[in-house]
Each structure stands twice: as C-alpha cells, then as structure tokens.
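Here's the structure we're looking at; comments come further down.
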Amino acid sequence: MSFKGGFFGKLLRIDLTDRNSSVEDIDPGILKDYVGGALLAARILYDELEPGRDPLGPGNKLVYAVGPLTGTSVPCSSRLNIGTRSPLTGGLASSLSGGFFPVEMKKAGYDVIVIEGKADSPVYISINNGRVRIRSAERIWGLDSQDTQMYLKEELKDQNFRISCIGPAGENLSCISCIMNEARAAGRKGVGAVMGSKNLKAIAVRGTCAVPVADQSALRAMVIEMMHLFKKDEATYGGLSRYGTTATVESTIELGVFPENNWQKSADTGWAEKGGSQALEKYNVRQNPCYGCPIGCSWVRMNRKGRYAGLSSEGPEYETIYSLGSSEGINDPGFLIAADRLCDRLGLDTISAGLVTSMVMELVEKGILKDTGGLNLKFGNQKESLEFLRMLAYREGFADNFADGTRKAAERLGGGTDLYAIEVKGLELPAYDPRGLKAMGLNFATSYTGADHNRGYAIQEIFGVSLPEPVERLEIKGKGRLTKWNQDFCGAFDVPTLCIFPLHGPLLERSHDIVAKLLTSVTGLNFEAEDVWTLGERLNNLARMFNVREGFSRSDDYLPRRVMEEPLKNGLSEGEFISRKDLDQMLDEYYEARVWDSQGIPKAEKLSELGLDFAIKDIPGKDVGN
Amino acid sequence: MSEINVKVRGVSVFEQILGSREREIYLQEGESLPDLVKILDYESQGALKEALYDEKGRIKKGVRIFLNGRDSRFIPQEDLSLQNGDLVLFLPLLAGG
Chain C
128 MSFKGGFFGK
138 LLRIDLTDRN
148 SSVEDIDPGI
158 LKDYVGGALL
168 AARILYDELE
178 PGRDPLGPGN
188 KLVYAVGPLT
198 GTSVPCSSRL
208 NIGTRSPLTG
218 GLASSLSGGF
228 FPVEMKKAGY
238 DVIVIEGKAD
248 SPVYISINNG
258 RVRIRSAERI
268 WGLDSQDTQM
278 YLKEELKDQN
288 FRISCIGPAG
298 ENLSCISCIM
308 NEARAAGRKG
318 VGAVMGSKNL
328 KAIAVRGTCA
338 VPVADQSALR
348 AMVIEMMHLF
358 KKDEATYGGL
368 SRYGTTATVE
378 STIELGVFPE
388 NNWQKSADTG
398 WAEKGGSQAL
408 EKYNVRQNPC
418 YGCPIGCSWV
428 RMNRKGRYAG
438 LSSEGPEYET
448 IYSLGSSEGI
458 NDPGFLIAAD
468 RLCDRLGLDT
478 ISAGLVTSMV
488 MELVEKGILK
498 DTGGLNLKFG
508 NQKESLEFLR
518 MLAYREGFAD
528 NFADGTRKAA
538 ERLGGGTDLY
548 AIEVKGLELP
558 AYDPRGLKAM
568 GLNFATSYTG
578 ADHNRGYAIQ
588 EIFGVSLPEP
598 VERLEIKGKG
608 RLTKWNQDFC
618 GAFDVPTLCI
628 FPLHGPLLER
638 SHDIVAKLLT
648 SVTGLNFEAE
658 DVWTLGERLN
668 NLARMFNVRE
678 GFSRSDDYLP
688 RRVMEEPLKN
698 GLSEGEFISR
708 KDLDQMLDEY
718 YEARVWDSQG
728 IPKAEKLSEL
738 GLDFAIKDIP
748 GKDVGN
Chain B
1432 MSEINVKVRG
1442 VSVFEQILGS
1452 REREIYLQEG
1462 ESLPDLVKIL
1472 DYESQGALKE
1482 ALYDEKGRIK
1492 KGVRIFLNGR
1502 DSRFIPQEDL
1512 SLQNGDLVLF
1522 LPLLAGG
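From first to last, the protein sequence lines are chains C and B. Numbering follows my numbering, with no gaps: position 84 of the first sequence is 211. Numbering follows my numbering, with no gaps: position 96 of the second sequence is 1527.
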C-alpha cells in the first residue's frame, strides 16, 4: 500500500536529553489506518509511552501531528493536533490549533514531530526544512508568548518562521497552560506545562516544500464544490464570518445554558446585550483567518477608549466570553479583550483560567477562602481578576494552589470545596451547561480528554440540527447513542485535521463523503465515507484504551457535583439538573452503543473490529498471553 | 372569551422580524402556537414564515421554536395551545462556539 500524495511519510524525532534529532519513515499501512492528527498521535503515544509515567517527567512525549490535507488547497485544513499525556487529566491529551504553523510544519516535510526527553537548560528548536537545530533559549526564558515569537524571528533573521511556544505559565508548569502559535492556542489539558517540563520554550519552523497531491483535478473539483456549499449556507457568512464564535452567545443565553458566577446561575438576556456578539462587534478591527480559510471566524478586536485603550486581542472567542466574563460576573467587552490578551501572552488556557478564577471568587464570597493576600477577588472585580491571572502564571502566593486547575485546587483545599470545581477528569467545563443540554453533558462525562466540547459537540441540542435525527435537549433517553454519534463525528475530522466549523455547518449533510473524496484525491489511497466514520470510532476507542491503561474506568465518567446536585435557578432551563440516575442511564446506553462493558472498558471484539488488536492485552483482567 | 398575554422573544433574524428582542402579544384564550405564528407572519408581511420555512415548506435547518423552553417539535399538537404568561422563543441556526 503506498500513497501518492498528502503525506511525506516522515516523522521527525527530537530527543532533548541527548540534543539530537532523526528522521524516520512512517509505515504507509499506519498512515492509511491512522491518517494523521489526533489518531496518529494517539497511536504513537500508545506505542511509545509507558503507562504511569509522570506527565511532567522526561518520559512523557509531545507529538505534533498534521494531516494529509494540511498544506494543500483544501479550505480549513491548516490544523495541528498536539498529543501528550495530560498533566491536568492524567489521560490522553488532544489539543488542536489552527493558524499558519500547521502548514509551515507540513511544508518543512514532516507529518509528525515527536519531542522527547528533557533539555538540561532552556532551549528552542529551529526547523528549516531538513535543517534541525536545538538552540539555547536562556535569553528568552521568561518572555511572554507574543514577544517570544517576535524575538525568535529576529534571532533567526527570517520573518517567515512560524513559531509554537509557551509563555511564563508553561515555564512554571501550570497544568492549565497552553501552547501558542501566533495568537492561536493549543489551549487545553495543560500541554504548555509538558513543553515547559522539557525546558523547551519554542519550536520555530520554516518550510518551502510543496505538498504532493495525487489527483489535482479531482481535488480542484472537490474544493469548488466545498466553496459552493459554503456560499449557500446562511449561518456561515451571516453568522460565523460576521461575528465569529461569539454568534452563539445569544443562543445559549436564551436557552439558559450560559453559566454565570461560577455556575450558580445562568446569564440572562441583559447580560447578552452588554457582553454578547453585537456588543463585541463594535470592537472589531479585522478578521484574521487561518491559512486557506475563506470564512475567517477569528476577529482581532481592540479597545479604542477607556481604561483598556490600546489593548487588542484576537478574540475573545465564545468560550472566553463565558470563562473570563460571565463566570466571573463581568460583562465588559473591554475587560474581556484585555483579559484574553493577558492569558494569551502568559500562555494560560482561557477556559480553565477563568473557571479557576471564578472558583476563587465563589470561595471568597462564601467565606471559605479567607487569605487571598489582600486581593479582593469578588465577582465582577476586573482589576483583581487580571492580577490573579498574572499570579496564576507565576504561581505566586495563594494562586499557587490554583495554578493546576480546579480539581487539584479542591483536593488541596479539601472541606467539600469540590462543589465549586466545575470540571470532569480535571478539565474545566466550557460554556454549555449540561443541566439544559443532556447530550453535551454526557459528552463532557465521557470524552477521553475530559469536559471537552470539541470532542463530541451536541449540534442537535445547541443548533437544532436534525442529524442524525431531531433531538429534544432535555430528554435523557437516546443521549447515549447520540453522544457516540457526536464523538465519532467530531473525531473523524480531528484525524485529517480539518476545522470542525464547516463540517458542522455547510458541509454537514455530506461531511464524511466529502472528506473521503478529499482524502482519496490528495493521497491516492481509497477512502469511502464509512472509512471516515471508522477513523472517528477508532480514535475514541484507542484513546479510551490509553486512559484505561492509566487506570480510568466508569468512575471517571462523572459530572461536576453542582450539575448533579443543584437545579438551574433561572432561565429557560430552570429546574433542570442531571441526577445520578440520569447519568447512569445515559452511561449504560452509551457503553452499550460503544460495545464497552459496564465499567466503560472497550470489549475485545470492538477493538478487533477496529483493527486495534494490539490494545486487547491492556483490557483489565485480560491474560497477557492471549 | 378572555385575553391572554404571551411573551415572544427572537434572536438574530427573528429579533429583526419582531422589531425587538422581546414583545408581549395579546391573544384570545384557546389560541395556539400555530395561531401565534400566523398572526406574527401576517404582521411581518410574510417575513416570519420566510425565515421559518424553506421553499418546500419544511422548517429550515437549525430553526427552532421553543414553548417555555421545550422544543415545539416534541410537544404534542394538543399541548400547543397557549396559556397566559407563556414564553415563546424563535431561535435561528447559529454557528460556532
């Protein structure tokens, strides 16, 4: 089996302990079955990581993986998956980012970069096509993520380098730190801390290779068809392009599922008028699309007056409006731009950082946390919130206890403070309250990365899409099967690393067919729509087995106590919650749909069906000899 | 027959059609959600139905009407009659997040 395009078939391995690098050929059979992105990274990590290793130790690895479509003319394909064992969850991390870095990495000639070991002093890696260097980062250790990129381009004397780097939060091993490229974040699961633990400040990459394509004319026809579908779709240009992801704020606020004040209530429509998409539109400067994206959901916004005058940010996105905004009781767009900018520069994940801050605010409000070093962290306090974000990145004072996320903070504080930690598997929840969106809740409970909206987004509940069928958001029955469908749907596109937005929008009804045709025309290998579905299911099963090998089971598929114990107090979902019985009913149905046992462990027959026989030995209780 | 008062809310295109994010509409007791849609469509000179339905008369992708938070597609016909104080929400397809 050999490919004719899309892949270079090359893995660049960099050992920071020995400071050397090598290029390996990737088995073409592996490329056909694992393709790229999240799935190829998961397979490499499954093969190469010993279970139980410290995520912040030299035994962990960072796997950068793009897909075969990256660097071709396929719109929305400049995506990169960073895989590792997460220090935040202890399970498999998949953190995706767009921008220009993914294409640059591909054009340097690599499908995958594996970084292992630990440098004995701060370093960065420069990759200029085939030239790989490990260089001292002593002088830039401590710089924020944006200045790091500026400085390295100057040092390398080439403004065309694209840079993936950490800020101070990653250097200080905060488990809620991210990896930045331009102003894009591989935001979640603490991947920045893994990079920091290796004394690695940045990867600078420059590539000039053309990505080969097996059948240019077939690809051209598919791209034209995609563009036609984009133009026909009202929500793509009328919503996503015009407002960016903020277009969803009004919708979830109306449904009463946009949390406020650390999930004590739902933001109301008055909030939307002050902090929603139309309020933010007034701050727009320009769109900043990823490479090859005709939609451009990412907006640069700036403060032109007031206390934050002159500060701009690429954002804030929908999630950040909630995490740094409503969850902290703040609805000032000017503050949101400033706080988003600060998190990006410090290298903090905005969702987790916001939820940690709002947890502290509630602990202060309830009189549980008394010593905040004089910082008056009350809901709505902007200046103090910004200061606390800075303290988190540097682990200063009492913020040290919170710099590794809400779950670890609650473990350190004890005394029932887990009620105020809004997390699953350690990962803080995004802006969709499961009390009014049951399938989204089950996705948060079961996603292999923790409470992760992008691993199984419930488009039926949030956008009213009737695929695979119309769904009542408040119903419990049927959500197990639906969540499997949603997770396999989303997973299928994390593999060829395509942006999920067009696939959830204009391409929705034909998504798998289109992606199969794109993969076939680019690689020359034959992909059918069913194969694309299988990629998603294979990913979710392999990732689950990775976590099972780390000791995960049904008890890790939980929801935050607040979601299960406190009914929503206001809005259109008032009175709703997910009881233990509800969750168990959904889990049972979900495991059955997945062909997993009652403890959430994949059965051998399912692993075998998906070509994952090598993982069967890791099923708890399986005889190693079998 | 007495009058009832129903709150109607609309997001995005439906906000434009209604003329504001929220309005109060007076109906006759016994009138239903489909009756409300007819009234608002007449008032908007056909704009409401144009936003709700495609050229084949099917509800457009992602467009939903909620009655007191419940998706009207799942409410039995006989339960669609409106009561005083009901809240009707028109939600279009939005994307992203």
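Cβ coordinates follow ideal geometry from the N, Cα and C atoms, glycine included.
Three-way DSSP call (helix, strand, coil) for residue i in this model
i                   : result
Gly-126 of chain C  : With chain C represented from 128 up to 753, any question about residue 126 of chain C goes unanswered, as that position is not in the structure.
Gln-712 of chain C  : helix
Trp-612 of chain C  : helix
Asn-1515 of chain B : coil
Cys-417 of chain C  : coil
Asp-152 of chain C  : strand
Ala-465 of chain C  : helix
Val-321 of chain C  : helix
Phe-135 of chain C  : coil
Pro-443 of chain C  : coil
Cys-302 of chain C  : coil
Trp-268 of chain C  : coil
Asn-411 of chain C  : strand
Cys-470 of chain C  : helix
Asp-579 of chain C  : coil
Chain C contact for residue i (CB, 8 Å cutoff)
i                   : result
Leu-1525 of chain B : yes
Gly-1488 of chain B : no
Arg-1454 of chain B : no
Gly-1461 of chain B : no
Asp-1485 of chain B : no
Gly-1516 of chain B : no
Span separating the alpha-carbon of residue i from that of residue j
i                   : j                   : result
Arg-333 of chain C  : Leu-601 of chain C  : 49 Å
Thr-373 of chain C  : Ser-404 of chain C  : 5 Å
Ile-743 of chain C  : Glu-664 of chain C  : 16 Å
Glu-1481 of chain B : Lys-1469 of chain B : 12 Å
Leu-207 of chain C  : His-580 of chain C  : 17 Å
Leu-686 of chain C  : Trp-660 of chain C  : 27 Å
Glu-408 of chain C  : Lys-696 of chain C  : 30 Å
Leu-223 of chain C  : Ala-312 of chain C  : 8 Å
Leu-1513 of chain B : Phe-1505 of chain B : 15 Å
Glu-70 of chain C   : Ala-619 of chain C  : Outside the displayed range of chain C (128 to 753) lies residue 70 of chain C, so it cannot be described from this structure.
Ala-537 of chain C  : Gly-543 of chain C  : 8 Å
Arg-1452 of chain B : Val-1442 of chain B : 7 Å
Ser-205 of chain C  : Leu-382 of chain C  : 33 Å
Ser-1503 of chain B : Gly-419 of chain C  : 40 Å
Pro-421 of chain C  : Cys-617 of chain C  : 21 Å
Gly-179 of chain C  : Met-672 of chain C  : 14 Å
Gly-1477 of chain B : Leu-1483 of chain B : 10 Å
Ala-548 of chain C  : Met-691 of chain C  : 13 Å
Gly-423 of chain C  : Cys-302 of chain C  : 30 Å
Ile-627 of chain C  : Asn-667 of chain C  : 16 Å
Leu-473 of chain C  : Leu-734 of chain C  : 41 Å
Asp-145 of chain C  : Gly-244 of chain C  : 8 Å
Lys-535 of chain C  : Lys-604 of chain C  : 33 Å
CB contact below 8 Å: residue i versus chain B
i                  : result
Val-421 of chain C : Reading off the sequence, residue 421 of chain C comes out as Pro, not Val. No, because no Cβ of chain B sits closer than 8 Å to the Cβ of Pro-421 of chain C.
Thr-375 of chain C : yes
Arg-637 of chain C : no
Pro-597 of chain C : yes
Ala-362 of chain C : yes
Thr-216 of chain C : no
Arg-562 of chain C : no
Asn-753 of chain C : Because Asn-753 of chain C carries a pLDDT of 42, less than 50, the predicted location of this residue cannot be relied on, and no value is offered for it.
Gly-452 of chain C : no
Glu-555 of chain C : no
Thr-610 of chain C : no
CB-CB length for residue i against residue j, believed under 8 Å
i                  : j                   : result
Val-761 of chain C : Lys-1492 of chain B : A question about residue 761 of chain C goes unanswered here, because the residues of chain C that appear run from 128 up to 753.
Leu-158 of chain C : Gly-553 of chain C  : With 8 Å as the limit, Leu-158 of chain C and Gly-553 of chain C do not qualify as a contact, their Cβ atoms being about 32 Å apart.
Glu-492 of chain C : Phe-506 of chain C  : 7 Å
Arg-212 of chain C : Leu-176 of chain C  : 6 Å
8 Å Cβ cutoff, residue i in contact with chain E
i                   : result
Val-1437 of chain B : Of the protein chains in this structure, namely C and B, none is chain E.
Point to revise | Sufficient close CB pairs (3 or more, under 8 Å) joining the region 325 to 343 of chain C to the region 134 to 154 of chain C | key: Contact between the region 325 to 343 of chain C and the region 134 to 154 of chain C is present: 3 or more CB-CB pairs across the two stretches fall below 8 Å.
Review point. Does the pairing of the region 258 to 268 of chain C with the region 192 to 209 of chain C give three or more beta-carbon distances under 8 Å?
Key: Between the region 258 to 268 of chain C and the region 192 to 209 of chain C, the count of Cβ pairs shorter than 8 Å is below three; the stretches do not touch.
Check your understanding: Just checking, does the region 284 to 302 of chain C make contact with the region 341 to 359 of chain C on the three C-beta pairs under 8 Å criterion?
Key -> For the pair of segments examined, the region 284 to 302 of chain C was found not to touch the region 341 to 359 of chain C: the number of CB pairs separated by less than 8 Å stays below three.
Review point. Would the region 358 to 366 of chain C and the region 438 to 445 of chain C be scored as touching if the rule is three or more Cβ pairs under 8 Å?
Key: Cβ pair count under 8 Å is below three, so no.
Practice item. Check whether the region 608 to 617 of chain C touches the region 569 to 584 of chain C, counting contact only when three or more Cβ pairs, one atom from each stretch, lie closer than 8 Å. Key: The region 608 to 617 of chain C, when compared against the region 569 to 584 of chain C, does touch it at the 8 Å Cβ threshold.
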